[in-house]
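> Sending over a structure as structure tokens; questions will come in a sec.
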Amino acid sequence: MDDLKILGSEEWCRFDDLGIPAIKARVDSGAKTSSIQASKIKVFNKGLEEWVRFEVNPVQDNRSISILCQAKLVDVRNVKSSQGIAEERPVIRTSVNIAGKSYEIDLTLANRDTMEYRMLLGREAMNDRFLVNPSESFIQGDITEEQLEQKYKPYTTEKKGLRIGLLASNPNLYSNKRIIEAGEMRGHKVVFLNVEHVYMKLDASTPEIRYRGGNILDKFDAVIPRIKPAVTFYGCALLRQFDTLGVYCLNSADSIGRSRDKLFASQLFSKNDIHIPTTGFAKSPMDTKDLIRMVSGAPLIIKLLESTQGKGVVLAETNKAAESVINAFKSVQTNILVQEFIKEANGHDIRCFVVNGKVVASMQRTAQKGEFRANIHQGGAASKVKITPEERKLAIKSAKVFNLDVAGVDLIRSNKGPLLLEVNSSPGLEGIENTTGKDIANVMIETIERKLKYKH
């Protein structure tokens, strides 16, 4: 027992066989199995043996440092994640160097992007070798940021741009062309990926994403989703698969899905003290009259839950008209929201473009004569606007509720102060860039660079 070395709650490890000069590990005797961050995992045959190829980003929050590794596959184990979910993980056996001495250990390969540490050292690897003092850190020696940078210098000297996928449906749309242009101007490779041409292989050991023709999409650092409403379900499934493979998504599948469920979104706004026009929802036509009274009567707005760009939105001028429209929708089993009409807005609303928690541009939209919808797609006109601190705060908070890195937040000015209309997870760039003169596509690419800690 006296010969056992003592480890702190975190220590530095080195893997010579994998080419990893230093990786910070969480030392956890409560965990049975050791694991290391791995993405783009691919099992292949080497002679008569099964091997596994994988990519490691050994420095937390820095995807620009990437090491391609391979090792013999020794097992596939069912491991319970920190969330209590059982997962099948490939297992390799390799040599780890701790405190100047090498030990052979088993490592499971796992996506640890959401974890604080890129590696976990479990008790199987420590049995009869180490004791743990959880009150201390780096008992066997610390590594400074400068030393770590020096160790990884060979991996970062030849700087290449990022490889970014643009997941959308139409490469000719202004927004998509601008994003590709902005990415290429900053030295990155931006590849257009048609949502409906991408498909996936669901497998615990070798998950894949492929493109029509069979090409495996395994070289991407980031994906920008520009998913139209009609393919939300499939597009979000693809984003979850990219996330599984360790690819950063500018707007996650969960964020997009939550923002596009108008009823759930309205409930989230209420829960987070975000003020919206009074809104009602009911299933039975028996409740229609009370629903109308609940939102202060006509004139009122009736919205399809799946509406976008001002489509599926109706203004009912009288209670009788509102009752007829609501009951007509309900007779064909169509879900709708009934919403208070803000007359004092006078056909104006404000679009705030939020990127990475900041309002980077804003414009006022004005409905054309005889129209109440200010959406550009409905013929609305755009102009510059100076938003108030309260409006800025509301826009940022609204995007944050969904954890959206990019959002178009629509507000309306009322006698009660600014009210939120909706949050768009794939906001268009044409109207706001042309109105404000701001290069928003470039800001989006810069956000990806910051998230991946990419430096020119």
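For reference, each letter of the sequence shown is one residue, going 1 to 456 in UniProt numbering. Positions of the beta carbon are idealized from the N, C-alpha and C atoms, including for glycine. Computed from a prediction, not measured in an experiment: that's the story for all the values here.
Among Asp128, Gly213, Ile164, which one has its Cα closest to the Cα of Ile6?
Here residue 6 refers to the residue found at position 6 of the sequence shown. The shortest Cα separation from Ile6 among Asp128, Gly213, Ile164 belongs to Asp128.
> Of the choices Ile92, Ile336, Lys32, whose alpha-carbon is the least far from that of Leu120?
Taking the sequence shown and counting its residues from 1, the one referred to as residue 120 is at position 120. Leu120 has its Cα closest to that of Lys32, out of Ile92, Ile336, Lys32.
> Going by DSSP, name the residue or residues bridged to Phe192.
Locating residue 192 in the sequence shown gives position 192, where the first residue counts as 1. Per DSSP, Leu166.
> Where are the beta strand (DSSP E) runs, 3 residues long or more, that stay fully inside the stretch 311-394, in chain order?
Counting only runs of 3 or more, we get 313-316, 336-340, 348-355, 358-366, 381-384.
> For Glu87, name the three-state secondary structure that DSSP assigns.
Locating residue 87 in the sequence shown gives position 87, where the first residue counts as 1. In the structure shown, Glu87 sits in a strand (DSSP, three-state: E or B).
> Would you call Pro427 buried or exposed, if buried means 16 or more other Cβ atoms sit within 10 Å of its Cβ?
Here residue 427 is taken as the residue at index 427 of the sequence shown, counted from 1. Buried, because 16 or more other Cβ atoms sit within 10 Å of the Cβ of Pro427.
> Report the partner residues of Met200 according to the DSSP bridge assignment.
If you number the sequence shown from 1, residue 200 lands on position 200. Ile209, per the DSSP bridge assignment.
> When the Cα atoms are used, what is the spatial distance from Ser414 to His348?
To locate residue 414, count along the sequence shown from 1; it is residue 414. To locate residue 348, count along the sequence shown from 1; it is residue 348. Going from the Cα of Ser414 to the Cα of His348 covers about 10 angstroms.
> Look at the alpha carbon of Phe264 and the alpha carbon of Asn57, and state the distance between them as a whole number of angstroms.
In the sequence shown, counting from the first residue as 1, residue 264 sits at position 264. In the sequence shown, counting from the first residue as 1, residue 57 sits at position 57. Their Cα atoms are separated by approximately 36 angstroms.
> Thinking C-alpha only, which one of Ile396, Thr436, Pro389, Glu323 is nearest Arg365?
As a working note, residue 365 is residue 365 in the sequence shown. For the residues Ile396, Thr436, Pro389, Glu323, the minimum Cα distance to Arg365 belongs to Thr436.
> Quick one: residues in its chain with C-beta nearer than 6 angstroms to the C-beta of Ile326, no 5 flanking neighbours on either side, listed in chain order?
Against the sequence shown, residue 326 aligns to sequence position 326. Result list for Ile326: Thr288, in chain order.
> Would you kindly check if the distance between the Cβ of Ser259 and the Cβ of Ser425 is under 8 angstroms?
As a first step, residue 425 must be located in the sequence shown, where it is residue number 425. As a first step, residue 259 must be located in the sequence shown, where it is residue number 259. A contact, by the Cβ cut-off of 8 angstroms.
> Jot down the residue ranges of each uninterrupted beta strand (DSSP E) in the stretch 19-96, minimum 3 residues, whole runs only, in chain order.
Segments of the beta strand (DSSP E) lying fully in the stretch 19-96: 20-27, 34-37, 39-46, 49-56, 67-80.
> What's the gap between the Cα of Val59 and the Cα of Thr278?
The residue labelled residue 59 in the question sits at position 59 within the sequence shown. The residue labelled residue 278 in the question sits at position 278 within the sequence shown. Answer to the nearest angstrom: the Cα atoms are 48 angstroms apart.
> Under 8 angstroms between the Cβ atoms of Lys29 and Arg123?
One-based indexing of the sequence shown puts residue 29 at position 29. One-based indexing of the sequence shown puts residue 123 at position 123. For the record, residue 29 in the displayed sequence is Ser; it is not Lys. Against a cut-off of 8 angstroms, the Cβ pair of Arg123 and Ser29 comes out as a contact.
> Is Phe341 near Pro299, with beta carbons less than 8 angstroms apart?
Reading the sequence shown from its first residue, position 341 is the one you call residue 341. Reading the sequence shown from its first residue, position 299 is the one you call residue 299. Yes. Within cutoff.
> Grouping DSSP H, G and I as helix and E and B as strand, with all else coil, what is Val443?
Within the sequence shown, residue 443 is the residue found at index 443, counting from 1. It is helical.
> Thinking just about the alpha-carbon of each residue, which of Asn403, Val354, Glu391, Lys393 is nearest to the one in Lys438?
Taking the sequence shown and counting its residues from 1, the one referred to as residue 438 is at position 438. Per the Cα distances, Val354.
> Quick check: the Cα distance between Leu191 and Leu166, rounded to an integer number of angstroms?
Along the sequence shown, read from residue 1 onward, the residue named residue 191 stands at position 191. Along the sequence shown, read from residue 1 onward, the residue named residue 166 stands at position 166. With the sequence shown as reference, residue 191 is identified as Val, and Leu is not the correct amino acid for it. Cα-Cα distance, rounded: 6 angstroms.
> Asn251 and Asp405 - do their beta-carbons sit closer together than 8 angstroms?
In the sequence shown, residue 405 corresponds to position 405, counting from 1. In the sequence shown, residue 251 corresponds to position 251, counting from 1. Yes, Cβ-Cβ distance for Asp405 and Asn251 is below 8 angstroms.
> With C-beta atoms as the reference, is Arg351 less than 8 angstroms away from Ile432?
Numbered from its first residue, the sequence shown carries residue 351 at position 351. Numbered from its first residue, the sequence shown carries residue 432 at position 432. Yes; because the gap between Cβ atoms is below 8 angstroms, this pair is in contact.
> Measure the alpha-carbon distance for Arg210 versus Lys271 and round it to whole angstroms.
To locate residue 210, count along the sequence shown from 1; it is residue 210. To locate residue 271, count along the sequence shown from 1; it is residue 271. Distance between the alpha carbons of Arg210 and Lys271 is about 40 angstroms.
> If you follow the alpha helix (DSSP H) that Leu7 is part of, which residue opens it and which one closes it?
Taking the sequence shown and counting its residues from 1, one reaches residue 7 at position 7. Premise fails: Leu7 lies in the beta strand (DSSP E), 5-7, not in any alpha helix (DSSP H).
> Which of helix, strand or coil does DSSP assign to Asn434?
One-based indexing of the sequence shown puts residue 434 at position 434. Of the three classes helix, strand and coil, the one that applies to Asn434 here is helix, per DSSP.
> Are Ala71 and Ile98 close, meaning C-beta to C-beta below 8 angstroms?
Taking the sequence shown and counting its residues from 1, one reaches residue 71 at position 71. Taking the sequence shown and counting its residues from 1, one reaches residue 98 at position 98. No, these two residues do not count as a Cβ contact at 8 angstroms.
> Helix, strand or coil for Gln427 per DSSP?
Within the sequence shown, residue 427 is the residue found at index 427, counting from 1. The sequence given here has Pro at residue 427, not Gln. Residue state, collapsed to three classes: coil.
> Would you call Arg89 buried or exposed, if buried means 16 or more other Cβ atoms sit within 10 Å of its Cβ?
Sequence index remark: in the sequence shown, residue 89 carries index 89 (1-based). The residue in question, Arg89, is buried, as its Cβ has 16 or more Cβ neighbours within 10 Å.
> Between which two residues does the alpha helix (DSSP H) carrying Ala125 extend?
Sequence index remark: in the sequence shown, residue 125 carries index 125 (1-based). Looking at the DSSP string, the run of the alpha helix (DSSP H) that includes Ala125 is 123-126.
> Whose C-alpha, out of Arg226, Thr244, Glu422, is nearest the C-alpha of Lys303?
In the sequence shown, residue 303 corresponds to position 303, counting from 1. Ranking Arg226, Thr244, Glu422 by Cα distance to Lys303 puts Glu422 first.
> Tell me where the alpha helix (DSSP H) around Asp243 begins and ends.
Working through the sequence shown from its first residue, we reach residue 243 at position 243. Run containing Asp243: 232-244, per the alpha helix (DSSP H) assignment.
> DSSP puts Gly417 in a beta bridge; with which residues?
Your numbering for residue 417 matches position 417 in the sequence shown. Answer is Ser414.
> Residue ranges of each alpha helix (DSSP H) run of no fewer than 4 residues wholly in the stretch 244-313, ordered along the chain?
The stretch 244-313 contains these whole alpha helix (DSSP H) runs: 253-260, 262-271, 288-294.
> How should Thr144 be labelled, buried or exposed, when 16 other C-beta atoms within 10 angstroms of its C-beta is the threshold for buried?
Your numbering for residue 144 matches position 144 in the sequence shown. Exposed, because fewer than 16 other Cβ atoms sit within 10 Å of the Cβ of Thr144.
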